[in-house]
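These notes concern the structure reproduced below.
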Amino acid sequence: MRFEYFSVPDDETAAQTIDGEAIVGSVGSHVVDPASVLGQLERLLGGPVGDDGLRSAQLVAESPDGARLVIRLSNHLVSLFGMVRPTTLDDVVRHWSLSRRFRRSAPEDLHAFAAGLHELCKGSGRRVYCRATADESELATAMAPGAGSDGGAGPDEPRPLPRRR
0 MRFEYFSVPD DETAAQTIDG EAIVGSVGSH VVDPASVLGQ LERLLGGPVG DDGLRSAQLV
60 AESPDGARLV IRLSNHLVSL FGMVRPTTLD DVVRHWSLSR RFRRSAPEDL HAFAAGLHEL
120 CKGSGRRVYC RATADESELA TAMAPGAGSD GGAGPDEPRP LPRRR
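Position 86 of the sequence shown, counting from 1, maps to 85 under numbering that gives the first Met the number 0, and the rest follow consecutively.
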């Protein structure tokens, strides 16, 4: 998955990015998903301990083929991360980097991502979103026979946000 974080005024504007066009001013990652990994960041910053990340993200839009999702980050997470002082950002990133998700990541990549996300979270009057785009191999797996059986849930039933394995 490719995760692109960006800031716009509202859900309607964010939903328009579902087309896959380039997003000006976005911050990208292949590791930091908006639910579980940002949920870890939220807990590190003092968010709810029992939350598995579901409060950290709300689905705003989905492409017809399911290859792209636009997800709104919680106001709580954006507010918490936006209040981090630039002088303590290094300490926050150092603690966050202890997550097993970042074992194969270069520390400077996580720091660059965190600095970019921090700038997005500090913006006033705007919300922060993530566009998640599946890569070719993930789409092929999802389209394979027997994949995606939803246990009888209808097309109007809510679906959980995708999780990295």
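Glycine is no exception: its CB is placed at the ideal position from the N, C-alpha and C atoms. A quick note: this is a predicted structure, and the numbers were derived from the prediction, not measured.
Taking the alpha helix (DSSP H) that residue i belongs to, which residues open and close that run?
| i | result |
| --- | --- |
| residue 119 | 106 to 121 |
| residue 65 | Unbroken run through residue 65: none, as it is neither H nor E. |
| residue 130 | Here residue 130 belongs to no alpha helix (DSSP H); instead the beta strand (DSSP E) covers 126 to 132. |
| residue 30 | First-last for residue 30: undefined, no H or E at that position. |
| residue 23 | Run containing residue 23: none; DSSP gives neither H nor E here. |
| residue 16 | Segment: none, residue 16 is in no alpha helix (DSSP H) and carries neither H nor E. |
| residue 88 | 85 to 95 |
Would you kindly work out how many angstroms separate the C-alpha atoms of residue i and residue j, rounded to a whole number?
| i | j | result |
| --- | --- | --- |
| residue 16 | residue 33 | 16 Å |
| residue 13 | residue 124 | 14 Å |
| residue 37 | residue 63 | 26 Å |
| residue 28 | residue 19 | 16 Å |
| residue 105 | residue 30 | 11 Å |
If residue i and residue j are in contact, beta carbons under 8 Å, what's the gap, nearest whole angstrom?
| i | j | result |
| --- | --- | --- |
| residue 26 | residue 88 | Not quite, the Cβ-Cβ distance comes to about 14 Å (not below 8 Å), so this is no contact. |
| residue 126 | residue 7 | 7 Å |
| residue 76 | residue 41 | 5 Å |
Might you give, ordered along the chain, the residues of its own chain that have their beta carbon closer than 7 Å to the beta carbon of residue i, omitting 5 neighbours on each side?
| i | result |
| --- | --- |
| residue 150 | Residue placement at residue 150 is poorly supported in this model, since its pLDDT is 46, which falls under 50; the coordinates still yield a value, given next. Closer than 7 Å at the Cβ level, and outside the excluded window around residue 150, lies no residue. |
Please tell me whether, using a cut-off of 7 Å, the distance from the CB of residue i to the nearest non-hydrogen atom of the ligand COA is below it.
| i | result |
| --- | --- |
| residue 56 | With respect to the ligand COA, the structure offers nothing, as it holds no ligand at all. |
Residue range of the beta strand (DSSP E) that residue i falls in?
| i | result |
| --- | --- |
| residue 80 | From DSSP, residue 80 is part of no beta strand (DSSP E) but of the alpha helix (DSSP H) over 74 to 81. |
| residue 45 | Residue 45 -> no beta strand (DSSP E), and no H or E assigned at all. |
| residue 3 | 1 to 7 |
Excluding the 5 residues preceding and the 5 following residue i in the sequence, name in chain order all residues of the same chain whose CB lies nearer than 8 Å to its CB.
| i | result |
| --- | --- |
| residue 113 | 88, 91, 92 and 95 |
| residue 134 | 0 and 1 |
Please return the same chain residues whose Cβ sits closer than 6 Å to the Cβ of residue i, not counting the five positions on each side in sequence.
| i | result |
| --- | --- |
| residue 44 | 79 |
| residue 103 | none |
| residue 132 | 1 and 67 |
| residue 187 | Residue 187 cannot be examined here, being either before or after the span of the chain that is shown, 0 to 164. |
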